[in-house]
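**Q**
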Amino acid sequence: MEAALNLLKALSEPTRLRLLLLCNKSDLTVSDLTNILSQSQPRLSRHLKILVEAGALRRLAEGQHVYFARNRETPFDGIVQALIDDVAGSSAGLRADEERLAATLEARAKLAQGYFNKHAAKWNEVRGDYNDDGQAERAFIEELASSQSGKVASFLDMGTGTGRILQQAARYVDHGVGIDTNREMLTIARSRLAGPVYRHLVVQEGNIYALPFEPNQFEAVGLYQVLHFLDDPSRAIKEAGRVLRRDGRLLVVDYARHEREELQRNHAHLWLGFTQDEMEAWFTMAKLKPVARRVVADTKPHPGGGVAPKACLWVAQKLS
Numbered sequence: 073m074e075a076a077l078n079l080l081k082a083l084s085e086p087t088r089l090r091l092l093l094l095c096n097k098s099d100l101t102v103s104d105l106t107n108i109l110s111q112s113q114p115r116l117s118r119h120l121k122i123l124v125e126a127g128a129l130r131r132l133a134e135g136q137h138v139y140f141a142r143n144r145e146t147p148f149d150g151i152v153q154a155l156i157d158d159v160a161g162s163s164a165g166l167r168a169d170e171e172r173l174a175a176t177l178e179a180r181a182k183l184a185q186g187y188f189n190k191h192a193a194k195w196n197e198v199r200g201d202y203n204d205d206g207q208a209e210r211a212f213i214e215e216l217a218s219s220q221s222g223k224v225a226s227f228l229d230m231g232t233g234t235g236r237i238l239q240q241a242a243r244y245v246d247h248g249v250g251i252d253t254n255r256e257m258l259t260i261a262r263s264r265l266a267g268p269v270y271r272h273l274v275v276q277e278g279n280i281y282a283l284p285f286e287p288n289q290f291e292a293v294g295l296y297q298v299l300h301f302l303d304d305p306s307r308a309i310k311e312a313g314r315v316l317r318r319d320g321r322l323l324v325v326d327y328a329r330h331e332r333e334e335l336q337r338n339h340a341h342l343w344l345g346f347t348q349d350e351m352e353a354w355f356t357m358a359k360l361k362p363v364a365r366r367v368v369a370d371t372k373p374h375p376g377g378g379v380a381p382k383a384c385l386w387v388a389q390k391l392s
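For the sequence shown, the residue numbers in our numbering are 73 to 392.
1) I'd like to know whether the C-beta atoms of Leu155 and Leu100 end up nearer to each other than 8 angstroms.
2) Does DSSP classify Pro86 as helix, strand or coil?
3) Can you name the residues that DSSP bridges to Ala76?
4) Spell out a yes or no on whether the stretch 263-274 and the stretch 316-324 are touching, meaning 3 or more CB-CB pairs, one atom from each, closer than 8 angstroms.
5) For the stretch 245-271, which segments carrying the beta strand (DSSP E) assignment without a break, of at least 3 residues, lie completely within its bounds, in sequence order?
6) Can you give me the C-alpha to C-alpha distance between Glu81 and Ala126, rounded to a whole angstrom?
7) Cutting at 7 angstroms between CB atoms, please list the residues of its own chain near Asn143, excluding the five before and the five after it.
8) With a Cβ-Cβ cutoff of 8 angstroms, do Ala383 and Val363 count as a contact?
9) If Gly17 and His300 are in contact, beta carbons under 8 angstroms, what's the gap, nearest whole angstrom?
10) Can the beta-carbon of Leu27 be found less than 8 angstroms from the beta-carbon of Glu277?
11) Determine the contact status of Gln240 and Glu215, defining contact as a CB-CB distance below 8 angstroms.
12) Classify Gln220: buried if its beta carbon has 16 or more other beta carbons within 10 angstroms, exposed otherwise.
13) Please classify Pro86 as buried or exposed, where buried requires at least 16 neighbouring CB atoms within 10 angstroms.
14) Checking 8 angstroms against the spacing of the C-beta atoms, do Ala328 and Pro381 come in under that value?
15) Please classify Arg262: is it buried, with 16 or more other beta-carbons within 10 angstroms of its beta-carbon, or exposed?
16) Where Lys121 and Tyr139 are concerned, what is the direct C-alpha to C-alpha distance, given to the nearest angstrom?
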C-alpha cells in the first residue's frame, strides 16, 4: 500500500509526469531532458531522484553518462501504463515535449550512424566472407519464437552490440533487454530501438560475466556470435544459466571449430570456434541440459582461399 501511494504521489507533480512520459519513449540523460523541458539541471535531477526512489524510473550509469528509463519491473506497472495511455498527447504542452524529444533522438541517431557507418562496413564484410549472417539470424529468431505460444515473456541478449538481434526479436518477446560494455554500440542500439514498436525493449551497459540481474529472471537468453570474443566463454554461459528461469532456454550461435587463424590475427577472435564436446561441457557446468545443435550457415568458399567455417546454433535448457 505504502509503495503504491509513494508512486502515485511522485507522479502527481506535473514536471515529474512529463519526465515519465518522455522516458517511456526512450532512455534519456539529464542533459537530454534539460534541453527538452528547458528547466535547470539541478531541478530536473531532484525530480528524477524522486521518480527513481518511487520505482517509476530506472537509473542506468554508463561511464560519464547516466540514462533514465521507465521501470517496467515495478509491481504497479499496470497503473503506470494506464496513466501514460490516458495522459500522453493530451495537451499542447505534452505534444510539444514529444516534438522536442523527436528532434533530440534524431540528432542522437545522426551521431550514432556516423560511428556505425565508419565501422560497420568492415564487420559486415568479415561476416559476409565467412557465411550467410542473415541465414544464421533467421535460424536464431525462429528458435526463439518456437515455443507453443510463439512468444517469450522475457529475453536477455548478452553482448547485444548495436541491438540488431534484439530488434529482430521485437515481435516475439514481451520484454527484452540487451547488455553490452561498448558504449558507442549501445548508442547505436538506442537509436535503432527508439521507435514505438520497440518500447518493450531496453539496452544497458553491463558485464556479461556479472550480469546486473537477479537469478531466475529470464525465459530465454541469447549469445549471438559473442563467445569467440570472450576470454572465458564458460563463465558467460554459467552466468546465463544463473539468470534463466526453470525450463528457460539458452540460445548460442557461433562458429564450429575451424582453422581460419586470420580471424585471431586481424579481427580480435580469441577462439577458433567450438567443438560439440566443449559446448556440452560448459552447458553441464552451468547446470543446463544440451537440447539441440544444428548448422545454421554452412561452409562456403572464402575469397582468401579455402572454406569458411560453419555457424552453428546450440540450444540448452535449465531444468532446475
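We put the beta carbon where it would ideally sit given N, CA and C, even for glycine.
Source: prediction; values computed, not measured.
**A** Reading it off the structure:
1) Position 83 of the sequence shown holds residue 155. Position 28 of the sequence shown holds residue 100. No, Cβ-Cβ distance for Leu155 and Leu100 is not below 8 angstroms.
2) Counting from one through the sequence shown, the residue named residue 86 turns up at place 14. Note: Pro86 maps to helix in three-state DSSP.
3) Sequence index remark: in the sequence shown, residue 76 carries index 4 (1-based). DSSP, once it has assigned bridges, lists no residue as partnering Ala76.
4) no
5) 248-252
6) Position 9 of the sequence shown, counting from 1, holds the residue named residue 81. Position 54 of the sequence shown, counting from 1, holds the residue named residue 126. Looking at the sequence provided, one finds Lys at residue 81 rather than Glu. Roughly 9 angstroms between the two C-alpha positions.
7) Here residue 143 corresponds to residue number 71 of the sequence shown, with the count starting at 1. If we look at Asn143 and ignore the five residues flanking it on each side, its Cβ neighbours are Gly127, Ala128, Leu129 and Arg130.
8) Locating residue 383 in the sequence shown gives position 311, where the first residue counts as 1. Locating residue 363 in the sequence shown gives position 291, where the first residue counts as 1. Not a contact, by the Cβ cut-off of 8 angstroms.
9) Absent from the model: residue 17. The displayed extent of the chain is 73 to 392, so no value can be given.
10) With the chain covering 73 to 392 only, the question about residue 27 has no answer from this structure.
11) Taking the sequence shown and counting its residues from 1, the one referred to as residue 240 is at position 168. Taking the sequence shown and counting its residues from 1, the one referred to as residue 215 is at position 143. Taking 8 angstroms as the Cβ cut-off, Gln240 and Glu215 do not qualify as a contacting pair.
12) As a first step, residue 220 is located in the sequence shown; it is residue number 148 there, counting from the start. With fewer than 16 Cβ atoms within 10 Å of its Cβ, Gln220 is classed as exposed.
13) The count along the sequence shown starts at 1 and reaches residue 86 at position 14. Flag for Pro86 reads exposed.
14) On the sequence shown, residue 328 is found 256 positions in, with the first residue counted as 1. On the sequence shown, residue 381 is found 309 positions in, with the first residue counted as 1. Yes. Within cutoff.
15) Here the question's residue 262 lines up with position 190 in the sequence shown. It is buried - the Cβ of Arg262 has at least 16 other Cβ atoms within 10 Å.
16) In the sequence shown, counting from the first residue as 1, residue 121 sits at position 49. In the sequence shown, counting from the first residue as 1, residue 139 sits at position 67. Distance between the alpha carbons of Lys121 and Tyr139 is about 12 angstroms.
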